[in-house]
Amino acid sequence: MVQRSVLILAILVITGCSGLKRHFQDDQTYINGLLKNEEYELALRHIDRQDKKDPNYHQLQQQRPLILEKIQRYELRTLTQSQKLVKSQKWSDSIELLEKAVGHIPASKKLFRELKKQRNRRDEEVAQLRYQITIHE
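Take any residue in the sequence shown, note its place counting from 1, add 8, and you have its number in the numbering used here.
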């Protein structure tokens, strides 16, 4: 009976330790998947939800600056692409791109401001076209 208890305890210790490693790998895999899909806000929230007592807490926290840097690059890339689309008179594509980006980073004031600005421009263009149509009818 004692041998069985020792064996069970040994199994629990071994699997418990590998469980911690697997937990971090699962967290890391999850975060990597979010970053691959440009879900930066969700990745930050996942890191923020980690318990400070978690042995992997500090390793996960070290990723915050890298994710924040990725957010800045994503914002800049999105704004640049959006402006190119506007210059090509592709308003709806530009707005769609910005809406997607705001979905990924809802806290981005830059993206939200640009989206609002482009929606206003689009609405003004539509109003002018409607006015011109009514004049010519």
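Glycine included, C-beta positions come from ideal geometry on N, C-alpha and C.
(request) Alpha carbon to alpha carbon, how far is leucine 76 from asparagine 64? Give it in angstroms, no decimals. (result) The straight-line gap from Cα to Cα measures roughly 20 Å.
(message) Looking at leucine 123: is its Cβ nearer than 8 Å to the Cβ of glutamate 107?
(response) Yes; because the gap between Cβ atoms is below 8 Å, this pair is in contact.
(message) With H, G and I counted as helix, E and B as strand and the rest as coil, what does DSSP make of aspartate 34?
(response) In this structure, aspartate 34 counts as helix in the three-state DSSP scheme.
(request) Taking the CB atoms as reference points, tell me whether glutamine 58 and leucine 68 lie closer together than 8 Å. (result) Their beta carbons are under 8 Å apart, which means glutamine 58 touches leucine 68 by this criterion.
(request) Along the alpha helix (DSSP H) that carries lysine 124, what are the first and last residues, could you check? (result) Taken as a continuous stretch (DSSP letters only), the alpha helix (DSSP H) holding lysine 124 covers 117–144.
(request) Flag this pair as yes or no: are the beta carbons of glutamine 126 and valine 94 separated by less than 8 Å? (result) Contact flag set, yes.
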